[in-house]
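Asks: Here this note's numbering is used: the first residue of the first sequence is 3, the next is one more, and so on.
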Amino acid sequence: MTLFSVYQKLLNQYGPQQWWPADTPFEVMVGAILTQNTAWTNVEKSIARLKSKRKLTAQAIDRLQHDQLAELIRPSGYFNVKATRLKNFCHWYLAQGGFETLNELDTASLRHGLLSVNGVGPETADDMMLYAFNRPVFVVDAYTRRIFSRLGLVDDAIGYEPLREKFELEFISKRKQVNEEARVAHYNEYHALIVVHGKDVCRTRPRCEKCCLRRQCAFISDN
DNA sequence: TACCAGGAGAAAA
DNA sequence: TTTTCTCATGGT
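(1) When the distance is taken between beta carbons, is V142 closer than 9 Å to L12?
(2) State buried or exposed for V83, treating a residue as buried only when at least 16 other CB atoms are found within 10 Å of its CB.
(3) Within 10 angstroms of its Cβ, does D128 collect 16 or more other Cβ (buried), or is it exposed?
(4) Using three-state DSSP, classify W22 as helix, strand or coil.
(5) Is the beta carbon of L88 less than 9 Å from the beta carbon of L36?
(6) Within a Cβ cutoff of 8 Å, which residues of the same chain sit near E163, ignoring the five residues on either side of it in sequence?
(7) With a CB to CB cut of under 6 Å and the five nearest residues on each side skipped, what residues in its chain are close to W94?
(8) Counting beta carbon pairs with one atom in the region 185-195 and one in the region 11-28, are three or more of them shorter than 8 Å?
(9) Can you tell me which of G121, M130, K168, G17 puts its alpha carbon nearest to the alpha carbon of M31?
(10) Between the Cα of E29 and the Cα atoms of K201, Y133, N44, N181, which residue gives the shortest distance?
(11) When you compare the CB positions of G115 and L107, do they come within less than 9 Å of one another, or not?
(12) Quick one: give me the first and last residue of the alpha helix (DSSP H) that S151 is part of.
(13) On the DSSP letters alone, give me the boundaries of the alpha helix (DSSP H) that K231 sits inside.
(14) Could you check the C-alpha separation between R56 and S48 for me, to the nearest Å?
(15) Cutting at 8 Å between CB atoms, please list the residues of its own chain near L104, excluding the five before and the five after it.
(16) Determine the direct distance from the alpha carbon of G200 to that of V45, and round the result to whole angstroms.
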């Protein structure tokens, strides 16, 4: 079994996911911060509250008082830290000139810029890179490490960057010619499938007996 | 009731 | 440098 064959199995099982569930690139970026260590159903509530108050813009969030913003995003948890992080991000985003200006940057510079914002770590930055800016960056999350280490395909102590590179190189090595659009489409779908599979059957103990209790993931192997 | 979710940063060791 | 702690609501 390879990283790539797991992708085929997941795609066969769940079908195309066509992520990210958002209306605009900016909504993707807000969602990426709000979903940090938080169930997406809770994030949806916060997004809806921001929309209902017409505060789902960088300018509006930048101008909001901390307490007002914290109250609006209360359902997604960690509302005080996330209010600070959202305001940090929006302030930076506006100072850089907004989406169009940022989108002119090369991939490495854009990622470096996102990571410079306090509250935007590697996974959040890569969510934004892939799903808002359509850049060829694979998103690693807790499900990725959990599923693939249990399958014995990666070391469970592997760092974020080595694991991201492993997925990216695996895909590139499979094709003789890989254009950027193909990479974006593949990373987009693969990360979404990993999350869907994780939510479905590959949660942590005690539910994992249904799937990844043993080193070999019965669900992925048999289906 | 207890556990956990599409992390990140600060503090402690 | 590595590990531990903190942040918090809502669903199962």
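Built from N, CA and C at the ideal position, the CB exists for glycine as well. Treat the numbers as computed from the prediction; the structure is a model and nothing was measured.
Replies: In terms of the structure at hand:
(1) no
(2) exposed
(3) buried
(4) coil
(5) yes
(6) P124
(7) V119
(8) yes
(9) M130
(10) Y133
(11) yes
(12) 144-152
(13) No answer is possible for residue 231: the residues shown for the chain start at 3 and end at 225.
(14) 12 Å
(15) Y95, Q98, L112, G115, F135
(16) 18 Å
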